[in-house]
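J.: Here it is: the structure, laid out below.
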Amino acid sequence: MERSKQLTCISILLHLCFCLLPSTIAITSGSTEGYTISGRVKVESMGAKGFSLPAKISNAKIILNGGQKVSFLRPDGYFSFYNVPAGTHLIEVAAIGYFFSPVRVDVSARNPGKVQAALTENRRSLSELVLEPLREEQYFEIREPFSVLSLIKSPMGLMVGFMLIVVFLMPKLMENMDPEEIKRAQEEMRTQGVPSIANLLPGAGRS
Amino acid sequence: MVYSGDRRLPSSEFSQPSEAGISYVDFVYSYSQLFRSLSLSLSLSLSLSLLSIDMAVMLRLSVLLTLLLFSLNPSSALYEDQVGLMDWHQQYIGKVKHVVFHTQKAGRKRVVVSTEENVIASLDLRRGEIFWRHLLGANDTIDEMDIALGKYVITLSSVGTILRAWNLPDGQMVWESFLQGSKPSKKFLSVMMNFKMDKDNILFALGKGCLHAVSSIDGEVLWRKDLSELTTESLEIQRVFHPVDSDIIYAVGFADSDFHTFQFNAKTGELLKHSVAAFLGGFSGEISFVSDDILVTLDATGSHLVLISYQDGEINFQKTHISDLVPASSGVARILPTKLTGIFALKTDSSVVFLRLIDGNKLEVVEKINNPTSFSDALSYSEGQKAFALIQHVGSRIQLTLKLDNDWNSNLLEESIEMDPQKGLVQKVFINNYIRTDRSYGFRALIVLEDHSLMLLQQGEIVWSREDGLASIIDVTTAELPLEKEGVSVAKVEHNLFEWLKGHILKLKGTLMLASPGDIAAIQAMRLKSSEKSKMTRDHNGFRKLLIVLTRAGKIFALHTGDGRVVWSLLLPSLRGSEACQYPTGISIYQWQVPHHHAMNENPSILVVGRCGLGSDAPGVLSFVDLYTGKELSSLSLAHSIAQVIPLPFTDSTEQRLHLLIDAGGHAHLYPRTSEALKIFESELPNIYWYSVEAEKDIIRGHALHSNCILDETDEYCFSTRDLWSIVFPSESEKIISTATRKLNEVVHTQAKVIEDQDVTFKYISRNLLFVATVAPKGDSAIGSLTPEESWLVVYLIDTITGRILHRMTHLGSQGPVQAVISENWVVYHYFNLRAHRFEMSVIEIYDQSRADNKDVWKILLGKHNLTSPVSSYSRPEVVMKSQSYFFTHSVKTMSVTSTAKGITSKQLLIGTIGDQVLALDKRYLDPRRSINPTQAEKEEGILPLTDSLPIIPQSYVTHSLQVEGLRGILTVPAKLESTTLVFAYGMDLFFTRIAPSRTYDSLTEDFSYALLLITIVALIAAIFVTWVLSEKKELREKWR
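The listed protein sequences derive, respectively, from chains A and B.
Read in order, the letters of the first sequence correspond to residues 122 to 328 in this note's numbering.
Read in order, the letters of the second sequence correspond to residues 12 to 1052 in this note's numbering.
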């Protein structure tokens, strides 16, 4: 594990293109304006081997500036954008199952090779362009396993439960009540009339 | 989930809170599905009243219960086993342009294709399914494709600058190389197979005028040669090739009227030989290579064939007049791109002529074919034998012929296959061979048709077919299915009571987690195959509809919303290329006839608008299509162009909708062209206004109709127009990048909105609201090239009748792209904030202040209110804007909003993210009244505490774990059921689902257990009976006491 970590600690490559390809220097200088941004995507759960990506992330896309350029991951998780002009860029990772923060990358024209990268979500700055998911995403609700509680909590369960309460507890309550009070309450009810379901639903009368 | 404040009672007499989603009024409104709660409360009241329990208690309880019923409903998120119940997902690749077969080894036979939609995909050769697929970036067009080392697919893309290798079995990218170059040139890729250099295949890639040799193992550039440097003129390399078993690479090209050949050492890139020869006539058009050292092209006039042989650096020209070879030909001929040896094809005005080269210098006509035809490249299938396929259309059948390329007269294979006329002509053919069990050679052909579909032919049959035209949808609309008629037998849904009960008992077992794996599988199968959802008739809830889509190929498809199958398809005859109309393009579709009142027996129809050519001043084409039969009713070739189509809110007696077509010259044309339509139109003439946005000039204009056309007085359906107003944006500081309007058919339930403390505000609801976003002229470019100081974003809200600017707001340090959506009284837009370097979303809500006094109940009772006064654009509106901004994590490709039948249900924004997912975001998160510490009253109303960024809850992705690759648009259609919206997202893939922004409060969910309800009722009745008996006994005992 320690060794693999060392291996993965490769700093960002940000060179002028003609530094990468010495043979081009002699030929063109005007048209090779761009820089290369290289980085890697790292997913923690990939296990001890460290170099192969989990299957679901191998389909990931790396997107520069909201779709200006799209790149793909190599088996070891590295990606590159070529011919990028100097400026402040935004890199996004689109991978099903993971939530990646977009990354702000500054490519400076004055001192090539210097890179500044920061996660835009939590403003954490990165010393090297290694993108890790902030969290895994679960797209589905998880079904809760069967339990007695869930059965009781279901509408039917509640109904049955309430009925039981009414049947067995109400008589007890009634016994404890003052008989005069009951009489008074019944009187009140008679004057009010019997409420019905229709009164309960305010719109029912209208519609 | 935050649904705490969703439910509340109506708080004032004259208004109903529709914002909060579910109120009791809404609940009662949902007449049809009421029975769930009613049956429960009724059964309850029945049983309880029998037990003579205090009525008031019981009522409270039933309120409580109904509430609980709601809260216990599953939220809008799905369970994993619900995938496919109400959604479907289809994957496409687009029109195929390159094909490489991979059938050598045993095991999975596959074909790798790249398409015009910029997809590279591996397909199963047996069934046509996708093994893997990648959509490259929009500017990263695939130029060439090949297979190297037998395990890597190599693509050359981005005008020949990016070379990528993809692992053949799983599609993982293996390596990527950036190729340098200076100037645009032809792109070319070749794999050197027999070139053994440490078991490596060397790739030769030409792009941007540079020839590169690249190792196919790791993409390392072995050597590169700038070809444009070799000559001073503008050299255009036409072809690079290397003969088998040779260390020499040849390159040939033209520079003005000079012909150049080069020879390179394949190992080092050293230039071995360079020869030039001038040809006086010049060159034009395509080039066909007849053999490795002879090519055919046309001279600059296009009337002569030029035969160029360049063996060993010696260049010879030979000129032949085309009419000498093909006597009857007239007009301009062109060479068809072929890769055959000894033969090339010439297309003249009416036919395709195959010519053969004899003895190295003589040309001879082999065959002249008058039928539409297409042919494949040569395939070498055994030693020295090369074959190619030729497909001709003969009536409704296609005839596939395989010929040896050195022997024209004998056919290897001849098959005739019946072809669906709606698929059009065969455009491309690719062939592959296999060895039959009797060791003879068999051939299969992959064909690309006019409607962009892909088909595999083998042994005279269609093995599989893919409708890849659906990858390029231009426009979508929906149509209702026919009503279920009396006498038409209804599909047998409930077979019999026993089956029904068995099914529900299975479901019950499932909910109680008692089901065995076998049972679970049975339940899942039962749910998925439910015939209910794919019936061809209208349903009660309005879930079943037809999705009518127009594709780039000019084909109309009708898809069933239940399962996504193609009900009918029509390759529009008026959108096919013809003599009169060379390059027709479809633009949009409109509802032409939606019968519901008067013309119930008519079939609904749509209007398809297209134009002949690409410019907006090209003449228009109209086509009318019957939606039930899928036949074109009629079509019109217009004399005028079409710049804008305005569906008017009037229909004639046959329910045909009136449409106004505005041409590029500013004239308006009325359709349908009937006197009845004209009569209706003339009475409404002064009330018709529209606007136009001239994005390149940064002007927005308002128009109205004037009188009949001055130019053409005989045409009474043509009207001249006048400009009412115009807004000219200062072009040095502002540039229009985005506009948005409300959907025409949006329904708003109520204008009033109840806010905290029983107070009421009134929404400003206008159909004529236009949202315009402008940026600094530089801000038009992509992120990364601007500093915050030099960019700004200005948004406007404009009334399109008067041109009055209702609101203007500047976001300094922000830039596009802007995605905006307008609904009811609010606008939501998405843009990029350069200072924070994050995406932002802002909301503007508009309230009508002039109606604010109508809060007093007494005034309303006395009639002193202005609620019934019409909303007019002419009266100066007293509007109040409220606005708030939030951060949003992702880029947004497209944005839409849910729409429901009556507009009662609360809204959700549907955001198509850069990851090709569709996120449903509650409108309540974009509420300008959010504050950091909401008061108690605000909390009760459902206002969420303010956060700086909008939450992304993974469960609220409408597309759950799927991606709609290349997402371009989201269409929302209301279902009849108020709670539900149908959502159709399209791009490369299609995805359909239905969502309930406030959850399905008006119907039972899919997994509602009827059996459990039944059992409960039975149990209740039994309990009633038992308690009754018990109480009788008790009474009796008491009487005896």
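From the three backbone atoms N, C-alpha and C, an ideal C-beta is built for every residue, glycine too.
How long is the line joining the alpha carbons of R1048 (chain B) and L1041 (chain B), rounded to whole angstroms?
T.: Working through the second sequence from its first residue, we reach residue 1048 (chain B) at position 1037. Working through the second sequence from its first residue, we reach residue 1041 (chain B) at position 1030. R1048 (chain B) and L1041 (chain B): Cα-Cα distance of roughly 10 angstroms.
J.: Is it a yes or a no for the stretch 770–781 of chain B touching the stretch 727–745 of chain B, going by three-plus beta-carbon pairs under 8 angstroms?
T.: No: the two stretches stay apart, fewer than three of their Cβ pairs being nearer than 8 angstroms.
J.: Mind pulling the chain B residues with CB within less than 8 angstroms of G193 (chain A)?
T.: On the first sequence, position 72 is the one that residue 193 (chain A) refers to. One detail in the question is off: residue 193 (chain A) reads as Phe in this sequence, not Gly. The contacting residues are H145, R175, M184, E187.
J.: Does the stretch 921–929 of chain B touch the stretch 964–973 of chain B, meaning 3 or more C-beta pairs lie closer than 8 angstroms?
T.: They touch, by the three-pair rule.
J.: Just the Cα atoms here: how many angstroms apart are F365 (chain B) and I319 (chain B)?
T.: Locating residue 365 (chain B) in the second sequence gives position 354, counting from the first residue. Locating residue 319 (chain B) in the second sequence gives position 308, counting from the first residue. Distance between the alpha carbons of F365 (chain B) and I319 (chain B) is about 18 angstroms.
J.: Per DSSP, what are the beta-bridge partners of P595 (chain B) in this structure?
T.: Sequence index remark: in the second sequence, residue 595 (chain B) carries index 584 (1-based). Looking at the DSSP assignment, P595 (chain B) forms a beta bridge with B:C623.
J.: Where in the stretch 800–837 of chain B do unbroken runs of the beta strand (DSSP E), each at least 3 residues long, occur, reported from the N-terminal end onward?
T.: Entirely contained in the stretch 800–837 of chain B, the beta strand (DSSP E) runs reaching 3 residues are, in chain order, 803–810, 816–823, 825–834.
J.: Excluding sequence positions up to five away, which residues of its chain have a Cβ less than 7 angstroms from the Cβ of R1052 (chain B)?
T.: Locating residue 1052 (chain B) in the second sequence gives position 1041, counting from the first residue. Nothing meets the Cβ criterion.
J.: Could you check the C-alpha separation between G292 (chain B) and A311 (chain B) for me, to the nearest Å?
T.: Position 281 of the second sequence holds residue 292 (chain B). Position 300 of the second sequence holds residue 311 (chain B). Taking the straight line from one Cα to the other gives about 6 angstroms.
J.: Write down every uninterrupted run of the beta strand (DSSP E) in the stretch 888–926 of chain B whose length is 3 residues or greater and which is fully enclosed by it, in chain order.
T.: 890–899, 903–908, 919–924, all fully within the stretch 888–926 of chain B.
J.: Taking C-beta pairs closer than 7 angstroms, name the residues in chain B that R161 (chain A) reaches, listed in chain order.
T.: As a working mapping, residue 161 (chain A) is identified with position 40 in the first sequence. In chain order: nothing, as chain B lies at least about 13 angstroms away.
J.: Tell me, please, whether the stretch 284–296 of chain A touches the stretch 990–1009 of chain B by the rule of three or more beta-carbon pairs shorter than 8 angstroms.
T.: Result no; under three Cβ-Cβ pairs closer than 8 angstroms.
J.: Could you list which residues in chain A have their beta carbon closer than 7 angstroms to that of S796 (chain B), in chain order?
T.: By one-based count along the second sequence, residue 796 (chain B) stands at place 785. Simply P206, G208.
J.: Comparing C-alpha positions only, which one of B:D360, B:R450, B:R455, B:I369 sits nearest to L401 (chain B)?
T.: The residue you call residue 401 (chain B) lines up with position 390 of the second sequence. Considering only alpha carbons, the answer is B:R455.
J.: Between the alpha carbons of I943 (chain B) and W186 (chain B), how many angstroms are there, rounded?
T.: As a working note, residue 943 (chain B) is residue 932 in the second sequence. As a working note, residue 186 (chain B) is residue 175 in the second sequence. Cα to Cα, I943 (chain B) sits roughly 49 angstroms from W186 (chain B).
J.: Please specify which runs of the alpha helix (DSSP H), each continuous and at least 4 residues long, are wholly inside the stretch 253–305 of chain A, giving them in chain order.
T.: Complete alpha helix (DSSP H) runs here, min 4: 269–274, 276–297.
J.: Going by DSSP, which residues form a beta bridge with Q101 (chain B)?
T.: Looking up residue 101 (chain B) in the second sequence gives position 90. Looking at the DSSP assignment, Q101 (chain B) forms a beta bridge with B:L1001.
J.: Beta-carbon of T241 (chain A) versus every beta-carbon of chain B: anything under 9 angstroms?
T.: Indexing the first sequence from 1 puts residue 241 (chain A) at position 120. By this cut-off, T241 (chain A) is an interface position.
J.: Nearest chain A C-beta to A482 (chain B) closer than 9 angstroms, yes or no?
T.: For the purposes of this step, residue 482 (chain B) is identified with residue 471 of the second sequence, where counting begins at 1. Closer than 9 angstroms: no.
J.: Which same chain residues end up closer than 6 angstroms to V124 (chain B) when comparing Cβ atoms and leaving out the 5 residues on each side of it in sequence?
T.: By one-based count along the second sequence, residue 124 (chain B) stands at place 113. Within the same chain, V124 (chain B) has close Cβ partners V107, V110, A132.
J.: Any Cβ of chain A within less than 9 angstroms of the Cβ of E91 (chain B)?
T.: Indexing the second sequence from 1 puts residue 91 (chain B) at position 80. For E91 (chain B), the answer is yes, since a Cβ of chain A falls inside 9 angstroms of its Cβ.
J.: Expressed to the nearest angstrom, what Euclidean distance is found between the alpha-carbon atoms of V307 (chain B) and G313 (chain B)?
T.: Taking the first residue of the second sequence as 1, we reach residue 307 (chain B) at position 296. Taking the first residue of the second sequence as 1, we reach residue 313 (chain B) at position 302. Roughly 12 angstroms between the two C-alpha positions.
J.: Answer with buried or exposed for A344 (chain B), where buried requires no fewer than 16 other C-beta atoms within 10 angstroms of its C-beta.
T.: Here the question's residue 344 (chain B) lines up with position 333 in the second sequence. By the 10 Å Cβ count, A344 (chain B) comes out buried.
J.: Run down chain A in chain order and give the residues with a C-beta less than 9 angstroms from the C-beta of H760 (chain B).
T.: Locating residue 760 (chain B) in the second sequence gives position 749, where the first residue counts as 1. Near H760 (chain B) there are no residues of chain A at all, since even the closest Cβ is about 13 angstroms away, more than 9 angstroms.
J.: Excluding sequence positions up to five away, which residues of its chain have a Cβ less than 8 angstroms from the Cβ of G827 (chain B)?
T.: As a working note, residue 827 (chain B) is residue 816 in the second sequence. The answer, listed in chain order, is I748, S749, A784, V786, G790, D791, L804, Y842, F843.
J.: Under the DSSP definition of a beta bridge, which residues are partnered with S334 (chain B)?
T.: Working through the second sequence from its first residue, we reach residue 334 (chain B) at position 323. Answer is none; S334 (chain B) lacks a bridge partner.
J.: Please tell me whether L1024 (chain B) has its Cβ less than 9 angstroms away from any Cβ of chain A.
T.: Counting from 1 along the second sequence, the entry for residue 1024 (chain B) is found at position 1013. At least one chain A Cβ lies under 9 angstroms of L1024 (chain B).
J.: What is the DSSP secondary structure of A207 (chain A), reduced to helix, strand or coil?
T.: Start at 1 with the first residue of the first sequence, and residue 207 (chain A) comes out as number 86. Correct three-state label for A207 (chain A): coil.
J.: Classify E952 (chain B): buried if its beta carbon has 16 or more other beta carbons within 10 angstroms, exposed otherwise.
T.: Position 941 of the second sequence, counted from the start, is the residue given in the question as residue 952 (chain B). That one is buried.
J.: Please give me, in chain order, every unbroken run of the beta strand (DSSP E) with length at least 3 that falls completely inside the stretch 374–413 of chain B.
T.: List check, beta strand (DSSP E) in window: 384–386, 390–393, 396–405.
J.: Just curious, the alpha helix (DSSP H) that E1046 (chain B) is in, first and last residue?
T.: As a working mapping, residue 1046 (chain B) is identified with position 1035 in the second sequence. Start and end: 1021–1051.
J.: In three-state DSSP terms, what is I981 (chain B)?
T.: Position 970 of the second sequence, counted from the first residue, corresponds to residue 981 (chain B). Three-state DSSP puts I981 (chain B) in a strand.
J.: What are the residues that DSSP puts in a beta bridge with M156 (chain B)?
T.: By 1-based counting over the second sequence, the position of residue 156 (chain B) is 145. Paired residue(s): B:T166.
J.: Run the CB neighbour count on P180 (chain B), radius 10 Å, all protein chains shown included, and call it buried at 16 or more, exposed below.
T.: In the second sequence, the residue the question calls residue 180 (chain B) occupies position 169. Its Cβ having fewer than 16 others within 10 Å, P180 (chain B) is exposed.
J.: Could you tell me which whole beta strand (DSSP E) segments of length 3 or greater appear in the stretch 167–192 of chain B?
T.: The qualifying runs are 173–178, 184–189.
J.: Tell me the DSSP secondary structure of Y936 (chain B) in three-state form.
T.: The sequence position of residue 936 (chain B) within the second sequence is 925, counting from 1. Three-state result, Y936 (chain B): helix.
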